[in-house]
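Comments concern the structure below.
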Amino acid sequence: MTFKTSQHTGIMVILGLIATFFTTAASANGPIGDHVNDLQSHLGEYAEEVVWMIEQVDEIVANYERGGLTNVDPEQVVEIWEEVNFHAAIESNYVPVYASIWQGLFGVRQAIEAQQPIAELRTQQDALEQSLWQGLGAVKLAAQFQTRGLVANIENTVATSPVETLTQVGQLLDRVVAKYAERLPEEAVSIVFDTYLTRFEGVEGDLIEQDADLVEDLEVDFNVTLPQAIEGAASVDAVRDIVNEMKTKLNRARALLEEAEANRPSVF
Amino acid sequence: MLPGGLLAQESQAKIALSVEELPALEGELTLYLGRGEGGLYENVLDAIQQRNPALELNIRRGPTAALANAIVAESRAGVRRANLFWAVDTGAIGLISNEGLARELPQDLTNQLQANFRYEKWSPITGRIRTLPYNTERLTAADVPDDVMAVPDSGLSIGWAPAYASFQSFVTAMRLLEGEQATGEWLQKMDKVARSYAGELGVVMAVERGEVDMGFANHYYTLRLKAGKPDATVDLAFTNNDAGCLVNASGIVALSEGDLPINFIRYLLTREVQSFLSSEAFEIPLVDGVAPPQGLPDLATIQPPDINLTRLADLRPTLDLMRDVGVL
Chain B
-12 MTFKTSQHTG IMVILGLIAT FFTTAASANG PIGDHVNDLQ SHLGEYAEEV
38 VWMIEQVDEI VANYERGGLT NVDPEQVVEI WEEVNFHAAI ESNYVPVYAS
88 IWQGLFGVRQ AIEAQQPIAE LRTQQDALEQ SLWQGLGAVK LAAQFQTRGL
138 VANIENTVAT SPVETLTQVG QLLDRVVAKY AERLPEEAVS IVFDTYLTRF
188 EGVEGDLIEQ DADLVEDLEV DFNVTLPQAI EGAASVDAVR DIVNEMKTKL
238 NRARALLEEA EANRPSVF
Chain H
3 MLPGGLLAQE SQAKIALSVE ELPALEGELT LYLGRGEGGL YENVLDAIQQ
53 RNPALELNIR RGPTAALANA IVAESRAGVR RANLFWAVDT GAIGLISNEG
103 LARELPQDLT NQLQANFRYE KWSPITGRIR TLPYNTERLT AADVPDDVMA
153 VPDSGLSIGW APAYASFQSF VTAMRLLEGE QATGEWLQKM DKVARSYAGE
203 LGVVMAVERG EVDMGFANHY YTLRLKAGKP DATVDLAFTN NDAGCLVNAS
253 GIVALSEGDL PINFIRYLLT REVQSFLSSE AFEIPLVDGV APPQGLPDLA
303 TIQPPDINLT RLADLRPTLD LMRDVGVL
């Protein structure tokens, strides 16, 4: 029974990962590089980069412990991340963890800048390391999908139904969190509005026939709650919570539309 | 061309044919499909494909304007990949027509359409009408101006979505019907009294909530809201013979010679497809003999302006005007 449960959980995680692997070209800060189209060949490099990053951050934290703020440059924490190819690999493949990594990096940097006790800094460092390892796992899984052609198939898919469109909306909302965690609030808000206008707005008509209150809720989320949280400098966790609530509503929407489609009369 | 018997029958009755009367489709077709209402155009295409197993239908999907630009670019490069282009708005069709890429359609096909929707080189498929949704707890239809130019001075609170493509087509129609100056003045006055929303469903929902008394929106948003919420406090009003009740259409263009593209278009004008898009997408059938969507008066009882829809392709001056007056 335990085996079945864990197997089921594992399958759900994998399905979730497939659904969340990003479907359009990523836009990392720097050049993305061809390596993202051949992840399998670069897994060793990514693993080395993760270890190197962890060592670099650990050295910064140790220097802070020895000499305080004057002994370190907190900016270096983010600069380390900008130097690695792993950055583009995770950004172009699994956006939720990408957001967590940014959150971890800024957590460490801000703890140093605020001259927090070393225990607090170590907590932030642990969270960063955890997200980096999680990211490496996601890239390894993405490499498998890529090798089997699954990711390429998803990348080439244009939504042909409202249900597929809602899946894309969820992926784009993950990207909103990622960009906000990356300290790019204007880009995050821009993605919110683009997602509304170019994706969600196109399926609202179908959805409102099924549950007008749900559409009303999501309208408010897209046009008020989420952009206001970002523009009001809410925490990344708070923005992620809003997005997760929206994704729960989107899941309900997807179920309603699937049911409606199943009951739709045939054309001929 | 249709078989002679069918042609005679069609010319007399001018009502929608049944799919049972159409020839089977055989061969390869490439259709460029602009994004439509939800996925319902996909349902139609799937049904046509299933009914015609000898048809190899390739579909390229994308934003309507982008596909129109692709067709023009391919033509200029001496390539033709698409046999048909099904667009959600007539502006894109105007672009194709202006490039001389659309082939002429047979008269027995265009005659199936209602008289105001017959064009030589493209076929409207279904229509949508501009409306003034109003809050029924605050107003009656008689309180809503029947002249769109009078709306800004009505004293009513108004919702609009000026960034929305359908709204911009409506402004284009106003520009063509009323002139640049009158349209610019109308936009300026509206800008002072209207509340902006991102999309037109948002406008309709705001009307229903009572945030505004009335708004500007395509008809189907109100009908769909009322389908999901029958007690919604919103209803439709119409202006009279001006851009406020413009009927725009989705449409299709044949880009290559031969019977196959033409016969494919015939399938879209069948009463089965027209009825499906009417009942499921709340779009307005443009062939005779098919009922309009529930909740919408018969088009014959409304007086839309007489305007060649392909002229709505002239969008650039509209955007310039809207920017000049500060609406965009």
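Chains as they are written, first to last, in the working numbering: chain B, -12 to 255; chain H, 3 to 330. Glycine is no exception: its CB is placed at the ideal position from the N, C-alpha and C atoms. Owing to the predicted nature of the structure, the values given are computational and were not obtained by experimental measurement.
- Closer than 8 angstroms to the CB of B:D181 there is not a single CB belonging to chain H.
- The alpha-carbon of H:L103 is positioned some 42 angstroms away from that of H:A208.
- Nearest to H:L314 by C-alpha distance, out of H:V146, H:V214 and H:N100, is H:N100.
- Residues of chain B whose Cβ lies closer than 7 angstroms to the Cβ of H:V275 are, in chain order, V254.
- Annotation: H:A302 to H:A283 spans about 20 angstroms, alpha carbon to alpha carbon.
- Listed along the chain, the chain B residues whose CB falls inside 7 angstroms of the CB of H:A26 amount to none; the nearest CB is some 13 angstroms away.
- For H:A49, the residues of chain B that pass the 9 angstroms Cβ criterion are S253, V254 and F255, in the order they occur in the chain.
- Selection H:S280, H:L279, H:R268 and H:L323 evaluated against H:S20 yields H:R268 as nearest (Cα-Cα).
- Contact between H:D148 and H:N242 holds, since their C-beta atoms are separated by about 5 angstroms, short of 8 angstroms.
- Sixteen is the threshold: since fewer than 16 other Cβ atoms of the shown chains lie within 10 Å of the Cβ of B:V207, the residue is exposed.
- Taking 8 angstroms as the upper bound on Cβ-Cβ separation, chain B lies near residues E274 of the stretch 245 to 274 of chain H.
- Close to H:R37, with beta-carbon spacing below 8 angstroms, are these residues of chain B in chain order: G189.
- For the stretch 118 to 183 of chain B, the full-length alpha helix (DSSP H) segments reaching 4 residues or more read 137 to 142, 149 to 168 and 172 to 182 along the chain.
- In this structure the stretch 26 to 43 of chain H lies against the stretch 81 to 89 of chain H, because at least three pairs of beta carbons, one per stretch, are closer than 8 angstroms.
- In this model, B:K166 and B:S79 are separated by some 13 angstroms (Cα to Cα).
- In the displayed model, H:N242 falls within coil according to three-state DSSP, outside both helix and strand.
- Cβ contact annotation for B:I41 (same chain, cutoff 7 angstroms, sequence separation greater than five): E116 and L119, in chain order.
- A distance below 7 angstroms between beta-carbons, with the five flanking residues on each side excluded, links B:P61 to the following residues of its chain, in chain order: R96, I99 and E100.
- Contact with chain B is absent for H:L97, since none of that chain's Cβ atoms lies less than 8 angstroms from the residue's Cβ.
- Partner residues in a beta bridge of B:W89, as assigned by DSSP, do not exist.
- According to DSSP, H:F87 shares a beta bridge with H:Y34 and H:V255.
- Between B:L26 and B:A129, the C-beta spacing is below 8 angstroms.
- Of all residues in the stretch 149 to 176 of chain B, only P149, V150, E151 and T152 come within less than 9 angstroms of chain H when Cβ atoms are compared, listed by chain position.
- For H:N45, the neighbours in chain B by C-beta distance under 8 angstroms run, in chain order, R251 and V254.
- When Cβ-Cβ separations below 8 angstroms define contact, B:L184 makes contact with chain H.
- The beta carbon of B:A175 sits closer than 6 angstroms to the beta carbons of V163, K166, Y167 and I217 from its chain, once the five residues preceding and following it are set aside; these are given in chain order.
- DSSP lists no beta-bridge partner residue for H:G297.
- DSSP lists no beta-bridge partner residue for H:I309.
- Taking 8 angstroms as the CB threshold, H:M151 stays off the interface with chain B.
- Look at H:F278: its C-beta is under 8 angstroms from a C-beta on chain B.
- The stretch 196 to 205 of chain H makes no contact with the stretch 110 to 124 of chain H; the number of CB pairs closer than 8 angstroms stays below 3.
- Between B:D25 and chain H, the shortest Cβ-Cβ separation is not below 8 angstroms.
- With a cutoff of 8 angstroms on beta-carbon distance, B:V64 and B:Q121 are scored as not near each other.
- Within chain H, the residues G230 have their CB atoms less than 8 angstroms from the CB of B:Q197, given in chain order.
- When Cβ-Cβ separations below 8 angstroms define contact, B:T147 makes contact with chain H.
- Chain-ordered, the chain B residues with CB closer than 8 angstroms to the CB of H:R53 read F255.
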